[in-house]
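Worksheet: the structure to be examined is printed underneath.
Here it is as structure tokens:
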């Protein structure tokens, strides 16, 4: 009765859902940036460095090529393709990085970055060529709308998919928040202290990749949050991993919601 008789009330649940999805994705963007900056010990490292976000563009391109104008309504297919290609790229980078690092040796971070960069550039080349020279104009407009996240889906499947991705990625990080302080050490110091640094790095990389992948699928790749919020959180909350984590969780929704309202 309220929705039918009070003008404009229909928009309130929709806006509340968009705010909720933005809230969750902001935390995933910031925490993923924090994880990668800790793993690479580089304040300008980003979670897109391994190329998983390029899987989103590839999945959207294939979705539009198959379903054309009906692509925006094909949520199940969109999530299956985007998550699937993103996960496939992550597995390829991890496996290739391990093999090229040598048997019995820890992951070579530089090698993984190079592999991720090469895959990302190759996929970007294919996507650019197909969208600019192969797709019809109507299909390109659909692809542009989806890839730029001009509309945020608030359907039940979106909430379920995002919730699963958030739980799978956040819970391991929170449970190992004290152990992940070991990322501040180098390999020799970690071995002297009896720590398995390779396992901690793999956990951080995989969880961070899932976070940035899910956030990119649901609200787009907002690099500002992944880069700036971890820096602010370290400045205000300190460098201990658990404090960094709390700081990113508290600050990121505020920044992204303010930016969203301004735009």
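In the working numbering, the protein residues as written are 14 to 276.
No residue lacks a Cβ here, since even glycine has one placed at the ideal position from N, Cα and C.
Computed from a prediction, not measured in an experiment: that's the story for all the values here.
Cutoff 7 Å; reference residue i; Cβ partners in own chain excluding five residues on either side
i           : result
residue 128 : 106, 109, 110
residue 71  : 98, 136, 140
residue 249 : 260
residue 50  : 56, 58, 243
Where residue i sits in the DSSP three-state scheme
i           : result
residue 66  : coil
residue 213 : helix
residue 54  : coil
residue 132 : helix
residue 219 : helix
residue 272 : helix
residue 234 : coil
residue 250 : helix
residue 98  : helix
Other residues of its chain near residue i: CB distance less than 8 Å, five sequence neighbours each side excluded
i           : result
residue 101 : 68
residue 54  : 196, 197
8 Å contact criterion, which residue i and residue j should meet: CB distance rounded
i           : j           : result
residue 167 : residue 31  : 6 Å
residue 46  : residue 243 : 5 Å
residue 41  : residue 228 : 4 Å
residue 159 : residue 56  : So it is not a contact: roughly 32 Å between Cβ atoms.
residue 170 : residue 76  : Contact flag wrong, Cβ pair sits at about 15 Å.
residue 154 : residue 231 : Not confirmed; about 21 Å, so no contact.
Beta-carbon proximity list for residue i, same chain, < 6 Å, skipping 5 on both sides
i           : result
residue 65  : 99, 102, 103, 222, 226
residue 220 : 182, 185, 186
residue 233 : 162
residue 113 : 124
Handout entry: Ranges of the beta strand (DSSP E) found wholly within the segment 19 to 49, counting only runs of at least 3
Key = none
Handout entry: 4 or more residues per run - each alpha helix (DSSP H) lying fully within the segment 142 to 194
Key = 150 to 160, 169 to 188
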